[in-house]
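A.B. asks: According to the working numbering, the sequence shown is numbered sequentially starting from -4.
The structure is given below, and queries will be raised subsequently.
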Amino acid sequence: GVCFLAFVGDDEEDALGELRSRWPRARIVEDPTATAPLAREIV
């Protein structure tokens, strides 16, 4: 499931830093193919 959702402006690294600080043991994976269907529902 989704545990974090944020709208990112120009500073992607800042957003990733915030994500890492909230969940320091998380494994962050970028997978647009997997997330695209969910993103379409949200938008």
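All residues carry an ideal CB built from backbone N, CA and C; glycine is no exception.
Can you give me the Cβ contacts of Leu11 inside the same chain, cut-off strictly under 8 Å, excluding the 5 residues immediately before and after it?
C.D. replies: Excluding positions up to five away in sequence, the list reads Ile23.
A.B. asks: Are the CB atoms of Phe2 and Arg17 within a distance shorter than 8 Å?
C.D. replies: No; because the gap between Cβ atoms is not below 8 Å, this pair is not in contact.
A.B. asks: At 4 residues or longer, and completely inside the segment -2 to 36: list those alpha helix (DSSP H) runs for me, N to C.
C.D. replies: If we require 4 residues or more, the alpha helix (DSSP H) runs fully inside the segment -2 to 36 come out as 7 to 17.
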